[in-house]
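Trainee: Starting off with a structure, shown below.
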Amino acid sequence: MTTIATRLQQVHGRLTNACRAAQRPDNSVALLAVSKTQPADAIRCAHAAGQRAFGENYVQEALAKIAQLADLRQQIEWHLIGPLQGNKTRVVAEAFDWVHSIDRLRIAQRLSEQRPAGAAPLQVCLQVNISGEASKSGLAPADVADVAHAVAALPRLRLRGLMAIPEPDGDLESQRRPHRALRELFESLQARGLALDTLSMGMSADLEAAVLEGATMVRIGTAVFGARA
Ligand SMILES: *Cc1c(COP(=O)(O)O)cnc(C)c1O
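Start counting the sequence shown at 1; every next residue gets the next number (UniProt numbering).
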């Protein structure tokens, strides 16, 4: 049986190799372990092996695990990477450290209004539908600049960058294409004066392509925890 600690080591090995192939510094890509559908005990194992950032897709499921792992709350960073509805923004603003899936201004405004005063600003990325994603969620690339400037001005949020979920199919070259498009959009926002530092892209099947195109955070589920039920 492959343990979570072993899988984590393998993923770090892939990341190091990808960084070298891209002539980027080792450890220049953060690993977000995607723990959706995995029990709290699996997260505990990953934490014991040194993993600190975890990504969840479903708000209710995440809240249950955050409660089960309350003893580790100060050590774990919780990232919401799944779709967020308006009626869930308050609990998300209260419980998470990051939200990657901001796909409209109204959601960002609510999160900013509802982020507790004593907490650090909520770290956010805008989700972009970069290649007509299967999920269909995310901002159209043409709308991203206006929304980014508006979100960057919200007091209780900190806009960190962009996120996308392209279907990881084809060879390395075709996998690189949507990641390159997201990176170019990211760079165009930086050129317009937005201080962004996070390109959230790359999953188990396409992390190498994402790192070659400049990903700063990859979201890895299966390769860390094994296949989902
Ligand atoms: C499930 C999921 C991932 C991780 O996918 P794997 O293929 O298991 O690595 C990454 N990002 C998002 C948004 C997801 O929903």
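Every residue gets a Cβ at the ideal spot worked out from N, C-alpha and C, and that includes glycine. Note that this is a predicted model, so its numbers are computed, not measured.
So, at 6 Å on beta carbons, what are the nonlocal neighbours of Arg7 in its own chain, with the 5 sequence-adjacent residues on each side left out?
Mentor: These residues qualify, in order along the chain: Val224.
Trainee: Which ranges does the alpha helix (DSSP H) cover as unbroken runs of at least 4 residues, wholly within the segment 25–110, from first to last along the chain?
Mentor: If we require 4 residues or more, the alpha helix (DSSP H) runs fully inside the segment 25–110 come out as 40–48, 59–68, 89–95.
Trainee: At a cut of 8 Å, does the segment 78–92 reach the segment 39–47 through at least three beta carbon pairs?
Mentor: Cβ pair count under 8 Å is below three, so no.
Trainee: Taking only three categories from DSSP, how would you classify Leu182?
Mentor: In this structure, Leu182 counts as helix in the three-state DSSP scheme.
Trainee: Indicate the three-state DSSP secondary structure (helix, strand or coil) for Leu207 in the structure shown.
Mentor: Leu207: helix per DSSP, three-state reduction.
Trainee: Can you name the start and end residues of the beta strand (DSSP E) that Gln127 belongs to?
Mentor: Taken as a continuous stretch (DSSP letters only), the beta strand (DSSP E) holding Gln127 covers 122–127.
Trainee: Going by Cα to Cα distance, which pick from Ala145, His47, Leu15, Gly193 is closest to Asn27?
Mentor: It is Leu15.
Trainee: Check whether the Cβ of Asn129 sits closer than 7 Å to any heavy atom of ligand 1, and report yes or no.
Mentor: No.
Trainee: Is there at least one non-hydrogen atom of ligand 1 closer than 7 Å to the beta-carbon of Thr222?
Mentor: Yes, Cβ of Thr222 sits closer than 7 Å to a heavy atom of ligand 1.
Trainee: Quick check on the DSSP output: the alpha helix (DSSP H) that includes Gly13 runs from which residue to which?
Mentor: Here the alpha helix (DSSP H) through Gly13 covers 4–21.
Trainee: Less than 7 Å separating the Cβ of Met217 from some heavy atom of ligand 2?
Mentor: Ligand 2 is not part of this structure, which contains only ligand 1.
Trainee: Would you tell me roughly how many angstroms separate the C-alpha atoms of Ile81 and Ala49, rounded to the nearest one?
Mentor: Roughly 22 Å separates the two Cα atoms.
Trainee: Assuming Gln109 contacts Leu154 under a Cβ cut-off of 8 Å, what Cβ separation, rounded to an integer in Å, is found between them?
Mentor: So it is a contact: roughly 7 Å between Cβ atoms.
Trainee: For the putative contact between Glu213 and Arg160, defined by C-beta atoms under 8 Å, what is the C-beta separation to the nearest angstrom?
Mentor: Between Arg160 and Glu213 the Cβ distance is about 18 Å, and since that is not below 8 Å, they are no contact.
Trainee: Using a Cβ cut-off of 8 Å (strictly closer), state whether Cys125 contacts chain D.
Mentor: Among the chains in the structure shown there is no chain D, since it carries only a single protein chain.
Trainee: Write down every uninterrupted run of the beta strand (DSSP E) in the segment 132–182 whose length is 3 residues or greater and which is fully enclosed by it, in chain order.
Mentor: List check, beta strand (DSSP E) in window: 157–163.
Trainee: Identify the residues that DSSP records as bridge partners of Leu199: which are they?
Mentor: In DSSP, Leu199 forms a bridge with Leu162.
Trainee: Quickly, what does DSSP pair Val218 with across the bridge? List them, please.
Mentor: According to DSSP, which records beta bridges pairwise, Val218 is partnered with Leu31.
Trainee: Smallest Cα separation from Ala209: which of Asp71, Ile165, Gly55?
Mentor: Closest option to Ala209, Cα to Cα, is Ile165.
Trainee: Below 6 Å CB to CB, which residues in the same chain sit around Arg156 once its five sequence neighbours on both sides are set aside?
Mentor: Closer than 6 Å at Cβ, skipping near neighbours: Ser112, Arg115, Pro121.
Trainee: Nearest-angstrom Cα distance between Gly13 and Ala21?
Mentor: One C-alpha to the other measures close to 12 Å.
Trainee: Rounded to whole angstroms, what is the Cα-Cα separation between Gln60 and Asp97?
Mentor: Taking the straight line from one Cα to the other gives about 16 Å.
Trainee: Could you check what DSSP says for Glu213 in three-state terms: helix, strand or coil?
Mentor: Coil.
Trainee: Among Lys65, Lys36, Gly138, Gln75, whose alpha-carbon lies nearest the alpha-carbon of Arg52?
Mentor: For the residues Lys65, Lys36, Gly138, Gln75, the minimum Cα distance to Arg52 belongs to Gln75.
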